[in-house]
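Those sequence lines, one after another, are chains A and B. The opening residue of the first sequence carries number 1 in UniProt numbering; numbering runs sequentially from there. The opening residue of the second sequence carries number 1 in UniProt numbering; numbering runs sequentially from there. Below: the structure, in structure tokens.
2 protein chains.
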Amino acid sequence: MPDRAPVAAPVPAGDPAAAFARHDHARCAATAREVTARACAERGLRLTEIRARVLAILCESHAALGAYDVLDRLREDGRKAQPPVAYRALDFLVVNGFAHRIERLNAYIACGHPGDDHAPAFMICRSCRRVAECAAPAAAAALSPQAAAMGFEIERVVVEAEGVCPDCRASARETGGETGA
Amino acid sequence: MPDRAPVAAPVPAGDPAAAFARHDHARCAATAREVTARACAERGLRLTEIRARVLAILCESHAALGAYDVLDRLREDGRKAQPPVAYRALDFLVVNGFAHRIERLNAYIACGHPGDDHAPAFMICRSCRRVAECAAPAAAAALSPQAAAMGFEIERVVVEAEGVCPDCRASARETGGETGA
DNA sequence: AAGTGCAATGTTACAGGGTAACGTCATGCC
DNA sequence: GGCATGACGTTACCCTGTAACATTGCACTT
Ligand SMILES: [Zn+2]
Ligand SMILES: [Zn+2]
Ligand SMILES: [Zn+2]
Ligand SMILES: [Zn+2]
Numbered sequence: 001m002p003d004r005a006p007v008a009a010p011v012p013a014g015d016p017a018a019a020f021a022r023h024d025h026a027r028c029a030a031t032a033r034e035v036t037a038r039a040c041a042e043r044g045l046r047l048t049e050i051r052a053r054v055l056a057i058l059c060e061s062h063a064a065l066g067a068y069d070v071l072d073r074l075r076e077d078g079r080k081a082q083p084p085v086a087y088r089a090l091d092f093l094v095v096n097g098f099a100h101r102i103e104r105l106n107a108y109i110a111c112g113h114p115g116d117d118h119a120p121a122f123m124i125c126r127s128c129r130r131v132a133e134c135a136a137p138a139a140a141a142a143l144s145p146q147a148a149a150m151g152f153e154i155e156r157v158v159v160e161a162e163g164v165c166p167d168c169r170a171s172a173r174e175t176g177g178e179t180g181a
Numbered sequence: 001m002p003d004r005a006p007v008a009a010p011v012p013a014g015d016p017a018a019a020f021a022r023h024d025h026a027r028c029a030a031t032a033r034e035v036t037a038r039a040c041a042e043r044g045l046r047l048t049e050i051r052a053r054v055l056a057i058l059c060e061s062h063a064a065l066g067a068y069d070v071l072d073r074l075r076e077d078g079r080k081a082q083p084p085v086a087y088r089a090l091d092f093l094v095v096n097g098f099a100h101r102i103e104r105l106n107a108y109i110a111c112g113h114p115g116d117d118h119a120p121a122f123m124i125c126r127s128c129r130r131v132a133e134c135a136a137p138a139a140a141a142a143l144s145p146q147a148a149a150m151g152f153e154i155e156r157v158v159v160e161a162e163g164v165c166p167d168c169r170a171s172a173r174e175t176g177g178e179t180g181a
């Protein structure tokens, strides 16, 4: 499902709420690609053609894409790509903080703050698969005391909220039915 | 990897830290099964033979088991079970709050507070796959303001911390090497 | 220029996780 | 008996992910 009209911009493109609100998505996507390219240049990382293409595919919308969705898109370009091609590019983007894996969906999204070192939390719409990336250091921090108490060393925290986005709630209300697609 | 010696009980069996500490696991497992059985009786849920068996399998250790691990165990009983048999039993347990799915691992554990309505967070050892279930309402609550601000309706929050448990940290130190198995 | 090393990509083949769909069977109710 | 319901049995898939190895291209050495 495509995002809503990417014309007006009542919400700035970097805002977490952008995923579920009207915003200038062309600018949103272009910024993400440019910032990532710059970060790669600064850090000596090679943003190869395939990697850049996969990032562009993820940037096309705020919906999470499965690795095989990405693979299909690569094949539409005329490549005869096999699964490892998609997975390797996705791994590169995730490891370097330019994309995120959504565990709940086994899927991927472009990062909203590429290059920055951040502790993201995600709001996942179970109806349209769009995902908003929020900063929620408090959520992860809440676990530290308990981890320390039991001697557990935390390396990474996954925080994913599943629910229904404003658009899909509105759609459900119109049809009077459930919140499904 | 089996749990450590289930003899002494420096930690009470219901404690979140039990997953990574010496405790009376026989008692720990028996309690989980009994509480679940009682909750089913009270609520008119049918804890059938297969469901009870799957719960017992999950209760055998604090390590997360994949659906196919559970299936293999069912087959060892002499059943000729197919995947849906395991998935249906696991779904029953998860939906009714007697087990949890660990998204990060695509795997399952028995619930530490079966029947109670709770907002669990998990500490997952990436080395031995054991999982501690903690109560961390603060982690989920930290997302509410942002969700409200963007009109997102949260239905469920996944909080999973990945890291290394005390035992595996100790093992790594002994061998001077990395924290792998 | 030839040789060497490394990172990225191409390709095959498979393992692991999950479900739709349909048939069967037992239970309980009218 | 007739019927609805919920659980289980079975088949046949689809989606997700990776090990392993061949190849390419580029940078750096000699
Ligand atoms: Zn956007
Ligand atoms: Zn939505
Ligand atoms: Zn135990
Ligand atoms: Zn461990």
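Note that beta-carbon positions come from the ideal geometry of N, C-alpha and C, so glycine has one too.
With 16 other CB atoms within 10 Å as the buried threshold, where does residue i fall?
i: T48 of chain A; result: exposed
i: E133 of chain A; result: buried
i: V131 of chain B; result: buried
i: Y68 of chain B; result: exposed
i: D116 of chain A; result: exposed
i: A170 of chain A; result: exposed
i: A43 of chain B; result: Strictly speaking, residue 43 of chain B in this sequence is Arg, with Ala absent from that position. It is exposed - the Cβ of R43 of chain B has fewer than 16 other Cβ atoms within 10 Å.
i: R129 of chain A; result: buried
i: P84 of chain B; result: exposed
Which one or two residues does DSSP pair with residue i in a beta bridge?
i: R101 of chain B; result: B:Y108
i: P120 of chain A; result: A:A135
For a quick check, are the C-beta atoms of residue i and residue j less than 7 Å apart?
i: E103 of chain B; j: R126 of chain B; result: no
i: A89 of chain A; j: V54 of chain A; result: yes
i: residue 200 of chain A; j: V70 of chain A; result: With chain A covering only 1 through 181, there is no way to say anything about residue 200 of chain A.
i: F98 of chain A; j: T36 of chain A; result: yes
i: V94 of chain B; j: V159 of chain A; result: no
i: A52 of chain A; j: I109 of chain A; result: no
i: V157 of chain B; j: A140 of chain B; result: yes
i: P120 of chain B; j: G151 of chain A; result: no
i: A19 of chain A; j: L143 of chain B; result: no
i: A107 of chain A; j: G66 of chain A; result: yes
i: H25 of chain A; j: V11 of chain A; result: no
i: V164 of chain A; j: E60 of chain B; result: no
Suppose you measure from the CA of residue i to the CA of residue j; what does that come to, to the nearest Å?
i: A86 of chain A; j: L105 of chain A; result: 17 Å
i: R27 of chain A; j: E34 of chain A; result: 10 Å
i: R101 of chain B; j: A21 of chain A; result: 31 Å
i: D72 of chain A; j: Q146 of chain A; result: 43 Å
i: N96 of chain B; j: L45 of chain A; result: 47 Å
i: A81 of chain A; j: D91 of chain A; result: 16 Å
i: G78 of chain B; j: M123 of chain A; result: 44 Å
i: A138 of chain B; j: C168 of chain A; result: 27 Å
i: E76 of chain B; j: H62 of chain B; result: 20 Å
i: R38 of chain A; j: H113 of chain B; result: 49 Å
i: H118 of chain A; j: D15 of chain B; result: 31 Å
i: E155 of chain A; j: T175 of chain A; result: 44 Å
i: T179 of chain A; j: L74 of chain B; result: For T179 of chain A, the predicted model reports a pLDDT of 40, less than 50, meaning its position is unreliable and no value from the coordinates is stated.
i: C40 of chain A; j: A41 of chain B; result: 59 Å
i: A148 of chain A; j: A172 of chain A; result: 44 Å
i: C111 of chain B; j: C111 of chain A; result: 33 Å
task = Taking only runs that begin and end inside the segment 123-171 of chain B, name each unbroken beta strand (DSSP E) of 3 or more residues, in chain order.
result = 131-135, 153-164
key: Ranges of the alpha helix (DSSP H) found wholly within the segment 22-51 of chain A, counting only runs of at least 4   = 25-43
Alpha helix (DSSP H) runs wholly inside the segment 60-105 of chain A, at least 4 long, in chain order = 67-76, 83-95
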